[in-house]
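Peer 1: Chains as they are written, first to last, in the numbering used here: chain A, 3 to 355; chain B, 2 to 249; chain C, 665 to 739.
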Amino acid sequence: MAKVLMKGNEAIGAAAMEAGCKYFFGYPITPQSELPEYMSRELPKAGGIFLQAESELAAINMVYGAAGSGVRVMTSSSSPGISLKQEGISYIAGAELPCLIVNIMRGGPGLGSIQPSQTDYFQATRGGGNGDYRLVVLAPANVQELVDLIIEGFDIADQYRNPVMILGDGMIGQMMEPVEFKAPKKRELPEKDWATTGTGGKRKPNIINSLYLQPEDLEEHNIRLQQKYNDIKKNEIKVESYNLEEADVVIAAYGTTSRIAKTAISQLEKEGYKVGLIRPITLWPYPYDEFEKINDNCKGILTVEMNSGQMLDDVKIAVKGKYPVYFHSRTGGMIPTPNEIIEKVKKIYGGEI
Amino acid sequence: MAVVFKKTKGLTDAQTHYCPGCTHGIVHRLVGEVLEELGVLDKAIGVAPVGCSVLAYKYFNCDMHEAAHGRAPAVATGIKRVRPDNFVFTYQGDGDLASIGTAEIVHAAHRGEKISTIFINNAIYGMTGGQMAPTTLVGQKATTAPNGRDEAHCGKPIKMSELLATIDGAKFVERVTVTTPANVRKAKKAIKECFKLQLEGKGFGIVEVLSTCPTNWGYTPQEALKWLEENMIPYYPLGNFRKPEEVE
Amino acid sequence: MAKAKVRGKVTFQEDICKGCGLCVSACPVNIISLDNEKINAKGYHPATIEDMDECIGCASCATMCPDVVITVERL
Numbered sequence: 003m004a005k006v007l008m009k010g011n012e013a014i015g016a017a018a019m020e021a022g023c024k025y026f027f028g029y030p031i032t033p034q035s036e037l038p039e040y041m042s043r044e045l046p047k048a049g050g051i052f053l054q055a056e057s058e059l060a061a062i063n064m065v066y067g068a069a070g071s072g073v074r075v076m077t078s079s080s081s082p083g084i085s086l087k088q089e090g091i092s093y094i095a096g097a098e099l100p101c102l103i104v105n106i107m108r109g110g111p112g113l114g115s116i117q118p119s120q121t122d123y124f125q126a127t128r129g130g131g132n133g134d135y136r137l138v139v140l141a142p143a144n145v146q147e148l149v150d151l152i153i154e155g156f157d158i159a160d161q162y163r164n165p166v167m168i169l170g171d172g173m174i175g176q177m178m179e180p181v182e183f184k185a186p187k188k189r190e191l192p193e194k195d196w197a198t199t200g201t202g203g204k205r206k207p208n209i210i211n212s213l214y215l216q217p218e219d220l221e222e223h224n225i226r227l228q229q230k231y232n233d234i235k236k237n238e239i240k241v242e243s244y245n246l247e248e249a250d251v252v253i254a255a256y257g258t259t260s261r262i263a264k265t266a267i268s269q270l271e272k273e274g275y276k277v278g279l280i281r282p283i284t285l286w287p288y289p290y291d292e293f294e295k296i297n298d299n300c301k302g303i304l305t306v307e308m309n310s311g312q313m314l315d316d317v318k319i320a321v322k323g324k325y326p327v328y329f330h331s332r333t334g335g336m337i338p339t340p341n342e343i344i345e346k347v348k349k350i351y352g353g354e355i
Numbered sequence: 002m003a004v005v006f007k008k009t010k011g012l013t014d015a016q017t018h019y020c021p022g023c024t025h026g027i028v029h030r031l032v033g034e035v036l037e038e039l040g041v042l043d044k045a046i047g048v049a050p051v052g053c054s055v056l057a058y059k060y061f062n063c064d065m066h067e068a069a070h071g072r073a074p075a076v077a078t079g080i081k082r083v084r085p086d087n088f089v090f091t092y093q094g095d096g097d098l099a100s101i102g103t104a105e106i107v108h109a110a111h112r113g114e115k116i117s118t119i120f121i122n123n124a125i126y127g128m129t130g131g132q133m134a135p136t137t138l139v140g141q142k143a144t145t146a147p148n149g150r151d152e153a154h155c156g157k158p159i160k161m162s163e164l165l166a167t168i169d170g171a172k173f174v175e176r177v178t179v180t181t182p183a184n185v186r187k188a189k190k191a192i193k194e195c196f197k198l199q200l201e202g203k204g205f206g207i208v209e210v211l212s213t214c215p216t217n218w219g220y221t222p223q224e225a226l227k228w229l230e231e232n233m234i235p236y237y238p239l240g241n242f243r244k245p246e247e248v249e
Numbered sequence: 665m666a667k668a669k670v671r672g673k674v675t676f677q678e679d680i681c682k683g684c685g686l687c688v689s690a691c692p693v694n695i696i697s698l699d700n701e702k703i704n705a706k707g708y709h710p711a712t713i714e715d716m717d718e719c720i721g722c723a724s725c726a727t728m729c730p731d732v733v734i735t736v737e738r739l
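1) Classify B/HIS25 as buried or exposed, calling it buried when 16 or more other Cβ atoms lie within 10 Å of its own Cβ.
2) Does DSSP put A/GLY28 in a helix, in a strand, or in coil?
3) Is it buried or exposed for B/THR112, if we count other Cβ within 10 angstroms and need 16 for buried?
4) When you compare the CB of B/ALA171 with every CB in chain C, is at least one pair closer than 8 Å?
5) Which residues in chain C sit within 7 Å of B/ALA3, going by Cβ to Cβ distance?
6) Quick check on this structure: which residue in B/CYS195, B/HIS154, B/GLU209, B/LYS197 has the alpha carbon closest to the alpha carbon of B/VAL179?
7) Flag B/ARG72 as yes if its beta-carbon sits less than 8 Å from any beta-carbon of chain C, otherwise no.
8) Since B/ARG30 meets chain C, which of its residues come closer than 7 Å, beta carbon to beta carbon?
9) Does any residue of chain B bring its CB to less than 8 Å from the CB of C/THR727?
10) Are there three or more Cβ pairs, one per stretch, closer than 8 Å when the region 158–165 of chain A is compared with the region 96–103 of chain A?
11) Decide yes or no for the touch test of the region 20–35 of chain A against the region 73–90 of chain A: beta carbon pairs closer than 8 Å, at least 3 of them.
12) Who does A/ASP171 pair with in a DSSP beta bridge?
13) Helix or strand or just coil, what does DSSP make of A/LEU86?
14) Around the C-beta of A/PRO111, are 16 or more other C-beta atoms found within 10 angstroms, so that it is buried, or is it exposed?
15) Please determine if the region 122–132 of chain B and the region 80–89 of chain B are in contact, where contact requires at least 3 C-beta pairs separated by less than 8 Å.
16) For B/MET2 versus B/LEU98, is the C-beta spacing smaller than 8 Å?
17) Any chance the region 59–72 of chain B sits against the region 221–228 of chain A, with 3 or more Cβ pairs inside 8 Å?
18) Starting from the C-beta of B/MET128, find all residues in its chain whose C-beta is less than 6 Å away, skip the five residues before and the five after it, and write them out in chain order.
19) What is the residue span of the beta strand (DSSP E) that A/ILE158 lies within?
20) Could you check whether the region 672–689 of chain C touches the region 228–244 of chain B, counting it as contact only if at least three pairs of C-beta atoms, one from each stretch, sit closer than 8 Å?
21) With a threshold of 7 Å on Cβ separation, who are the neighbours of A/GLN117 within its own chain once the five nearest residues in sequence on each side are excluded?
22) Given that A/GLU218 touches chain B, what residues does it touch there, using C-beta distances under 7 Å?
23) Cα-Cα, which of A/SER85, A/LEU140, A/ASN11, A/TYR93 is closest to A/PRO289?
24) Are the C-beta atoms of B/TYR58 and some chain C residue less than 8 Å apart?
25) Verify the CB distance criterion: does C/LEU698 have a CB-CB separation below 8 Å to chain B?
26) Going along chain B in order, which residues have a C-beta closer than 7 Å to the C-beta of A/ASN211?
27) Give a yes or no on whether 8 Å exceeds the smallest Cβ distance from A/ASN208 to chain B.
28) CA-CA distance, B/GLU105 and B/ALA75?
29) When DSSP builds the beta bridges, which residues end up paired with B/MET65?
30) My assumption, with CB atoms under 8 Å, is that B/PRO202 sits in contact with B/LYS115. Please give the rounded CB distance.
31) Please list, in chain order, the residues of the region 24–54 of chain B that have any C-beta partner in chain A closer than 8 Å.
32) If you measure from the beta carbon of B/PHE6 to each beta carbon in chain C, is any gap under 8 Å?
33) Among A/TYR25, A/LEU227, A/ILE31, which residue has its Cα nearest to the Cα of A/MET41?
34) Among the candidates A/THR259, A/GLY70, A/GLY311, A/GLN34, whose CA atom is the shortest distance from the CA of A/ILE210?
35) Buried or exposed: which applies to A/LEU113, given that a residue is buried once 16 or more other Cβ atoms fall within 10 Å of its Cβ?
36) Please report the straight-line C-alpha distance between B/GLU34 and B/VAL174, rounded to a whole angstrom.
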């Protein structure tokens, strides 16, 4: 299939439609507005519906209604807009509704900036809404992977009846790269017999709900949710790793920063340094076990993030104190450079830090 | 031996949790009866947001969504947009619609969403135990207005029907009450007209029902009906504010 | 001459009545009362009619009942 040069935000729209998503409820916010704009042009042509809501929190509740009625549906926003959606996301997780939520992250906190960042990692992986719930969080590093994860994301959402979040950043949303639209791997997707389509006089009413006033019922519900999350942990972890058996220093990074890390690694290798990489693609479920493949002589893990240290916690959890964990950060929308990473790795090598 | 009155199929067998004499029960019955009489029960999808009537998802005998506080019009928009042939309605209290959910109801009306809303105005937050609502009358006591609503402090109560009637997309806006059999019959007529409007694809419709809250008003059920008639109706005049004929 | 009037018959589903009394005040011929001799499953005095012959089958009671306790028939 021929590749198409597309801007990240628009590629998301194209990929979602490829996955059979016909409904989009959104709201303008930089740096993701090209996506609602694209959907407002393209969805009607495909017999779909684009609707701009009065707010991000109205939009996520429209997604709740549509998802509960049995269709593939998505919304997108950027950081502060995703904050507004948190209650709705918690309801969607509680009512076990499949949908796709795209966060093209920008600098924070508060109004922050419109440049890229990775400052919503905690919000996405620890839950920004109330209750013990989990989102499957997928972090693309390039526009092709963004497209692949969108298409597969809808299947994951339907398979587990769970919201799926795509965690991109302003850079991935705004950059253009060639992409092709491939079919995802085959999955057994369950019928949506729970959806509200009208009883048709043939079945008992379907109820979309997250309210369980009796504590015994809510506990049972939570236990069932946790079993689902354990299944997802077992089946859906995605990670890319490089040279863990040989590396003296391993870099842990995801999304845009992992590409910068790869440049640093190839430069370091030219200078004879043995450096490895762990790139989580699923931020939840996190690939903790991958870190066990690191050789015993490794001097330390360098985590690189565009925030003040969030995935850093998961790296510490993963290594269980076996290796020292170092951190390199640029935030506010500043992008780390390969040289900054190269300097840090050399310092770790030399035992200077 | 002709049966002239029996329970509608529009309601399930569940016994409601509402307090004795709470007129939510009457309005539930009217909605159930109208859904049945219009023959749309098996394609109806209702939305019950947080409030006393959140448990309505157990009482209406059709597919239901429980929604976040104030967000029912958005949820209903999502449902109707993807299932335009279904009959979609929301059943909301005043704490829900006239307070946290004002943006959602205004914009659903503004967009002319083809959904129908039943809006229960009992001038108080019932479920949470009697706090002041945006519809609480001046001087009316509530647990968060112990000396009565003070206009200087938090303004006069909000008149949602009048407000929504200024929006073109709202093709049907009527305020009714259920304090007497005659009023109940008028309320049912309004609900039927409002629901028919959706079936004709004309746009957004809402029926505001002045309703009682004996428990939190601190009255017996009968006294509550009397208090409503003497205090709420003067401030919230009954009647139709928008009807399709006027619109064309 | 027997009153040529409509005769009605009301049945109360006693155990779901909450004893709110809205039917009592709605009845135009004032024949409904709360049965103080009886406590129903919910712990309320259920509504009842002693003199059913007086019932005119107007269903005002059922119209006002918030819990759909009442069925009305016309003889």
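For glycine and all other residues, C-beta sits at the position ideal for the given N, C-alpha and C.
Peer 2: Let's see:
1) Counting from 1 along the second sequence, the entry for residue 25 of chain B is found at position 24. Buried, because 16 or more other Cβ atoms sit within 10 Å of the Cβ of B/HIS25.
2) Counting from 1 along the first sequence, the entry for residue 28 of chain A is found at position 26. Note: A/GLY28 maps to strand in three-state DSSP.
3) Within the second sequence, numbered from 1, the residue matching residue 112 of chain B stands at position 111. What sits at residue 112 of chain B in the sequence shown is Arg, not Thr. With 16 or more other Cβ atoms within 10 Å, it is buried.
4) Here residue 171 of chain B refers to the residue found at position 170 when the second sequence is read from its first residue. Not an interface residue.
5) Translated into positions along the second sequence, residue 3 of chain B becomes position 2. Under the 7 Å cutoff, chain C gives GLU737, ARG738.
6) On the second sequence, position 178 is the one that residue 179 of chain B refers to. Among B/CYS195, B/HIS154, B/GLU209, B/LYS197, the Cα nearest to that of B/VAL179 is on B/GLU209.
7) Reading the second sequence from its first residue, position 71 is the one you call residue 72 of chain B. Output row for B/ARG72: interface = no.
8) For the purposes of this step, residue 30 of chain B is identified with residue 29 of the second sequence, where counting begins at 1. Going along chain C in sequence order, the residues near B/ARG30 (Cβ under 7 Å) are VAL732.
9) Taking the third sequence and counting its residues from 1, the one referred to as residue 727 of chain C is at position 63. Yes, because at least one Cβ of chain B sits closer than 8 Å to the Cβ of C/THR727.
10) yes
11) yes
12) As a working note, residue 171 of chain A is residue 169 in the first sequence. A/ASP171 is bridged to A/MET107.
13) Translated into positions along the first sequence, residue 86 of chain A becomes position 84. The answer is helix: DSSP assigns A/LEU86 an H, G or I state.
14) Translated into the one-based positions of the first sequence, residue 111 of chain A becomes position 109. So A/PRO111 ends up on the exposed side.
15) no
16) Position 1 of the second sequence, counting from 1, holds the residue named residue 2 of chain B. Position 97 of the second sequence, counting from 1, holds the residue named residue 98 of chain B. Result no, Cβ atoms of B/MET2 and B/LEU98 do not sit closer than 8 Å.
17) no
18) Against the second sequence, residue 128 of chain B aligns to sequence position 127. Around B/MET128: GLY52, CYS53.
19) Within the first sequence, residue 158 of chain A is the residue found at index 156, counting from 1. Looking at the DSSP string, A/ILE158 is not in any beta strand (DSSP E); the run it does join, the alpha helix (DSSP H), is 145–162.
20) no
21) Taking the first sequence and counting its residues from 1, one reaches residue 117 of chain A at position 115. Once the five neighbours on either side are set aside, the close Cβ partners of A/GLN117 are ARG108, GLY109, GLY172, GLY335.
22) As a first step, residue 218 of chain A is located in the first sequence; it is residue number 216 there, counting from the start. Chain B residues near A/GLU218: none, gap ~17 Å exceeds 7 Å.
23) Taking the first sequence and counting its residues from 1, one reaches residue 289 of chain A at position 287. It is A/LEU140.
24) Numbered from 1 along the second sequence, position 57 holds the residue referred to as residue 58 of chain B. For B/TYR58, the answer is no, since every Cβ of chain C falls outside 8 Å of its Cβ.
25) Sequence index remark: in the third sequence, residue 698 of chain C carries index 34 (1-based). Not an interface residue.
26) Within the first sequence, residue 211 of chain A is the residue found at index 209, counting from 1. Within 7 Å Cβ-Cβ: TYR58, GLU67.
27) Reading the first sequence from its first residue, position 206 is the one you call residue 208 of chain A. Yes, contact with chain B.
28) For the purposes of this step, residue 105 of chain B is taken as residue 104 along the second sequence, with counting starting at 1. For the purposes of this step, residue 75 of chain B is taken as residue 74 along the second sequence, with counting starting at 1. So the alpha carbons of these two residues sit roughly 6 Å apart.
29) Position 64 of the second sequence holds residue 65 of chain B. DSSP, once it has assigned bridges, lists A/ILE209, B/GLY47 as partnering B/MET65.
30) Here residue 202 of chain B refers to the residue found at position 201 of the second sequence. Here residue 115 of chain B refers to the residue found at position 114 of the second sequence. Pro is not the amino acid found at residue 202 of chain B; the sequence shown has Gly there. With 8 Å as the limit, B/GLY202 and B/LYS115 qualify as a contact, their Cβ atoms being about 6 Å apart.
31) LEU42, ASP43, LYS44, ALA45, ILE46, VAL48
32) Here residue 6 of chain B corresponds to residue number 5 of the second sequence, with the count starting at 1. For B/PHE6, the answer is yes, since a Cβ of chain C falls inside 8 Å of its Cβ.
33) By one-based count along the first sequence, residue 41 of chain A stands at place 39. Considering only alpha carbons, the answer is A/TYR25.
34) Your numbering for residue 210 of chain A matches position 208 in the first sequence. When each option's Cα is compared against that of A/ILE210, the closest is A/GLY70.
35) In the first sequence, counting from the first residue as 1, residue 113 of chain A sits at position 111. Looking at its Cβ environment, which holds fewer than 16 other Cβ atoms inside 10 Å, A/LEU113 is exposed.
36) For the purposes of this step, residue 34 of chain B is identified with residue 33 of the second sequence, where counting begins at 1. For the purposes of this step, residue 174 of chain B is identified with residue 173 of the second sequence, where counting begins at 1. Approximately 20 Å between the Cα atoms of the pair.
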